[in-house]
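Enquirer: Before I ask anything, here is the structure I am working with.
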């Protein structure tokens, strides 16, 4: 939700040692504690389990593992949180890709929602858009391609990366077979 | 005063000569210092301000000529419809061609003019002991980002690029090149030199390593290489395509 008057926007903040990540709040439908999930044997990178939510079967992508592999940051917390997103919020092209690579393979998966697992308690924070910076020109394309839209420097001198989980998920399913 | 009165005339003359000589040396020193400052300012005026003003004037006059042809084309276009005069039709096409010709000329001059201030503001500041932030999906010679006034700057480690070994330092040269925010990791800054182009020897080799340098010059017996930022960024673009 964006307040036009103050030009602020709500982001979900995931904090890790020396670094944190922000996700556009509008991309998410809900955030729930992940109590029960069923492991999944699948060749799509980071798609590791499924869970029941609102009488539907949701695939769970391991955002925690992505952060560990890409940013080398890990949270020691045992807390499991599932961030639920609506597939409708994906671009038409990405919805098509998701249908082709995931829903065609797993007929029991929800056509409406997808979940991401993190080990941190996500906090909703209102951040001024003027504080969020684009990635410098020479690295902009590559970072966007991998789902990093921008960054912000916090008052305690840490960097906060703005993640686009739609791109992260679509990259995983397009790569397929890489585990 | 008494000591002065007791001095012989010859000694007094010598004393006056010595004082005058000292004054001449001081004045000469101040003049040389001031002249060198003026020299630096003249360099900026001659190498940056004048060429830029010349180009802007040329752009302006070309745009005015383009404007004249545009007016002519409009006039001939109106008359052609009513009169169906072939000669005027030709004049209309000629005016139209000239508009495009001058438009291309203006674009070329504008591109040329854009380069001058870019060249002039390559290095903006030198910073030390600021934290380096990790960036994923980049080659080994990109060490991360640094924060300058809330803006991220991509840090290039040229030692890692040339020698395949990362540099241990926390001094950065902050630069804005082609609207890109970049910084270079360096050990230290020895001196800031302003050198006329005539003293620079261009590097013409086609070797990839040499392509990272524009040229070289000799200052106080030391050979100094000039970085070719365009090619260094070009190398990064190539490497990113393969990430």
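Residue numbers (our numbering), protein chains in the order written: chain A, 1 to 179; chain B, 1 to 243.
All C-beta atoms, glycine included, are put in the ideal place defined by N, C-alpha and C.
Model, not experiment: these values are computed from the prediction.
#1: Look at the alpha carbon of residue 65(A) and the alpha carbon of residue 216(B), and state the distance between them as a whole number of angstroms.
#2: Consult DSSP for residue 179(A) and reduce its assignment to one of helix, strand or coil.
#3: Quick test of the definition: if touching needs 3 or more C-beta pairs under 8 Å, does the region 100–112 of chain A touch the region 123–133 of chain A?
#4: Counting only C-beta atoms, is residue 228(B) closer than 8 Å to chain A at any point?
#5: Please confirm if residue 66(B) has its CB atom under 8 Å from at least one CB of chain A.
#6: Less than 8 Å between the CB atoms is what I'm expecting for residue 165(A) and residue 116(A), so what's the real figure, rounded?
#7: I want to verify the contact list: residues of chain A whose CB lies under 8 Å from the CB of residue 154(B), in sequence order.
#8: Let me confirm a value: residue 60(A) is counted as buried when at least 16 other C-beta atoms fall within 10 Å, else exposed. Which label applies?
#9: Would residue 114(A) and residue 169(A) qualify as a contact pair, given that the criterion is a beta-carbon distance under 8 Å?
#10: Using CA coordinates, which residue listed in 97(A), 44(A), 173(A) and 82(A) is at the minimum distance from residue 52(A)?
#11: I need the DSSP call for residue 273(B), collapsed to helix, strand or coil.
#12: Quick one: Cα of residue 133(B) to Cα of residue 19(A), how far?
#13: Threshold first: 3 residues or longer. Then list the beta strand (DSSP E) segments lying entirely within the region 90–172 of chain B, N to C.
#14: Whole angstroms are fine: how far does the CA of residue 46(A) sit from the CA of residue 58(A)?
#15: Is there a Cβ of chain B sitting closer than 8 Å to that of residue 153(A), yes or no?
#16: Below 8 Å on the Cβ atoms is my guess for residue 40(A) versus residue 50(A); work out the distance and round it to an integer in Å.
#17: Ends of the beta strand (DSSP E) at residue 115(A)?
#18: Here's a check: name, in chain order, each residue in its chain whose Cβ is nearer than 6 Å to the Cβ of residue 233(B), leaving out the five neighbours to either side.
#19: State yes or no: is the beta carbon of residue 165(B) nearer than 8 Å to at least one beta carbon in chain A?
#20: Any idea which residues DSSP pairs residue 59(A) with across the strands?
#21: Please return the same chain residues whose Cβ sits closer than 6 Å to the Cβ of residue 67(A), not counting the five positions on each side in sequence.
#22: For residue 227(B) and residue 199(B), what's the separation of their Cα atoms in angstroms?
#23: Residue 21(B) touches chain A at which residues, Cβ-Cβ below 7 Å?
#24: Is the CB of residue 63(B) under 8 Å away from at least one CB in chain A?
#25: Would you please verify whether the beta carbon of residue 134(B) is less than 8 Å from any beta carbon of chain A?
#26: Rounding to the nearest angstrom, what Cα-Cα distance links residue 31(A) and residue 84(A) in this structure?
#27: Just to confirm the assignment, what range does the alpha helix (DSSP H) spanning residue 138(A) have?
#28: Given 8 Å as the limit, is there contact between the region 189–198 of chain B and the region 7–18 of chain B, that is, 3 or more CB pairs closer than that?
#29: Name the chain B residues whose beta carbon is nearer than 7 Å to that of residue 70(A)?
#30: Residue 172(B) touches chain A at which residues, Cβ-Cβ below 9 Å?
#31: Do residue 151(A) and residue 162(A) come within 8 Å of each other at the CB atom, strictly closer than that value?
#32: Less than 8 Å between the CB atoms is what I'm expecting for residue 66(B) and residue 99(B), so what's the real figure, rounded?
#33: Distance check for residue 114(B) and residue 42(B), CA to CA, integer angstroms please.
#34: Specify whether the region 135–154 of chain B and the region 88–98 of chain B touch according to this definition: at least 3 beta carbon pairs, one from each stretch, less than 8 Å apart.
#35: Going by DSSP, name the residue or residues bridged to residue 19(A).
#36: If the criterion is Cβ atoms closer than 8 Å, does the pair residue 169(B) and residue 186(B) meet it?
Expert: In terms of the structure at hand:
#1: Taking the first residue of the first chain as position 1, residue 65(A) is located at position 65. Taking the first residue of the second chain as position 1, residue 216(B) is located at position 216. Looking at the backbone, the Cα of residue 65(A) and that of residue 216(B) are separated by about 48 Å.
#2: For the purposes of this step, residue 179(A) is taken as the residue at position 179 of the first chain. Low confidence applies here, because residue 179(A) scores a pLDDT of 42, under 50, leaving its location unreliable and the question unanswered by this model.
#3: With fewer than three CB-CB distances shorter than 8 Å, the region 100–112 of chain A does not count as touching the region 123–133 of chain A.
#4: Within the second chain, numbered from 1, the residue matching residue 228(B) stands at position 228. So no, residue 228(B) is outside the interface.
#5: For the purposes of this step, residue 66(B) is identified with residue 66 of the second chain, where counting begins at 1. No, no contact with chain A.
#6: What you label residue 165(A) is simply residue 165 of the first chain in a count that begins at 1. What you label residue 116(A) is simply residue 116 of the first chain in a count that begins at 1. The pair is a contact, with the Cβ atoms about 6 Å apart (cut-off 8 Å).
#7: Taking the first residue of the second chain as 1, we reach residue 154(B) at position 154. Under the 8 Å cutoff, chain A gives 136, 138 and 139.
#8: Looking up residue 60(A) in the first chain gives position 60. By the neighbour-count rule (16 or more Cβ atoms within 10 Å), residue 60(A) is buried.
#9: In the first chain, residue 114(A) corresponds to position 114, counting from 1. In the first chain, residue 169(A) corresponds to position 169, counting from 1. Their beta carbons are under 8 Å apart, which means residue 114(A) touches residue 169(A) by this criterion.
#10: Working through the first chain from its first residue, we reach residue 52(A) at position 52. If we check each option's Cα against that of residue 52(A), 82(A) comes out closest.
#11: The requested residue 273(B) does not occur in the structure, where chain B is confined to residues 1 to 243.
#12: Counted from its first residue, the second chain places residue 133(B) at position 133. Counted from its first residue, the first chain places residue 19(A) at position 19. So the alpha carbons of these two residues sit roughly 9 Å apart.
#13: 123–128, 142–148 and 151–156
#14: For the purposes of this step, residue 58(A) is identified with residue 58 of the first chain, where counting begins at 1. For the purposes of this step, residue 46(A) is identified with residue 46 of the first chain, where counting begins at 1. Distance between the alpha carbons of residue 58(A) and residue 46(A) is about 14 Å.
#15: In the first chain, residue 153(A) corresponds to position 153, counting from 1. Residue 153(A) belongs to the set of residues whose beta carbon lies under 8 Å from a beta carbon in chain B.
#16: Taking the first residue of the first chain as position 1, residue 40(A) is located at position 40. Taking the first residue of the first chain as position 1, residue 50(A) is located at position 50. With a Cβ gap of about 5 Å, residue 40(A) and residue 50(A) count as contacting.
#17: Start at 1 with the first residue of the first chain, and residue 115(A) comes out as number 115. Its beta strand (DSSP E) spans residues 113–118.
#18: Here residue 233(B) refers to the residue found at position 233 of the second chain. Leaving aside the five residues that flank residue 233(B) on each side, none in its chain has a CB nearer than 6 Å to its CB.
#19: What you label residue 165(B) is simply residue 165 of the second chain in a count that begins at 1. Judged by the 8 Å Cβ criterion, residue 165(B) is not in contact with chain A.
#20: Translated into positions along the first chain, residue 59(A) becomes position 59. Answer by DSSP bridge pairing, in chain order: 50(A).
#21: Here the question's residue 67(A) lines up with position 67 in the first chain. So the qualifying residues of the chain are 73.
#22: Locating residue 227(B) in the second chain gives position 227, counting from the first residue. Locating residue 199(B) in the second chain gives position 199, counting from the first residue. Whole-angstrom Cα-Cα distance: 15 Å.
#23: Locating residue 21(B) in the second chain gives position 21, where the first residue counts as 1. The contacting residues do not exist; residue 21(B) stays about 59 Å from chain A at best.
#24: Within the second chain, residue 63(B) is the residue found at index 63, counting from 1. Closer than 8 Å: no.
#25: Residue 134(B) sits at position 134 when you count from the first residue of the second chain. Chain A, which has a Cβ nearer than 8 Å to the Cβ of residue 134(B), makes this yes.
#26: The residue given as residue 31(A) occupies position 31 in the first chain. The residue given as residue 84(A) occupies position 84 in the first chain. Approximately 6 Å, taken between the alpha carbons.
#27: Stepping through the first chain from its first residue, residue 138(A) is reached at position 138. First-last of the alpha helix (DSSP H) with residue 138(A): 137–145.
#28: no
#29: As a position in the first chain, residue 70(A) is number 70, starting the count at 1. Under the 7 Å cutoff, chain B gives 136.
#30: As a working note, residue 172(B) is residue 172 in the second chain. Those within 9 Å of residue 172(B) in chain A number zero; the least Cβ separation is about 14 Å.
#31: Translated into positions along the first chain, residue 162(A) becomes position 162. Translated into positions along the first chain, residue 151(A) becomes position 151. Residue 151(A) sits close to residue 162(A), with the two beta carbons spaced by under 8 Å.
#32: What you label residue 66(B) is simply residue 66 of the second chain in a count that begins at 1. What you label residue 99(B) is simply residue 99 of the second chain in a count that begins at 1. Confirmed, about 6 Å.
#33: Within the second chain, numbered from 1, the residue matching residue 42(B) stands at position 42. Within the second chain, numbered from 1, the residue matching residue 114(B) stands at position 114. When rounded, the distance between both Cα atoms is 21 Å.
#34: no
#35: Position 19 of the first chain, counted from the start, is the residue given in the question as residue 19(A). Its beta-bridge partners are 16(A) and 159(A).
#36: On the second chain, position 169 is the one that residue 169(B) refers to. On the second chain, position 186 is the one that residue 186(B) refers to. Yes, the Cβ-Cβ distance between residue 169(B) and residue 186(B) is below 8 Å.
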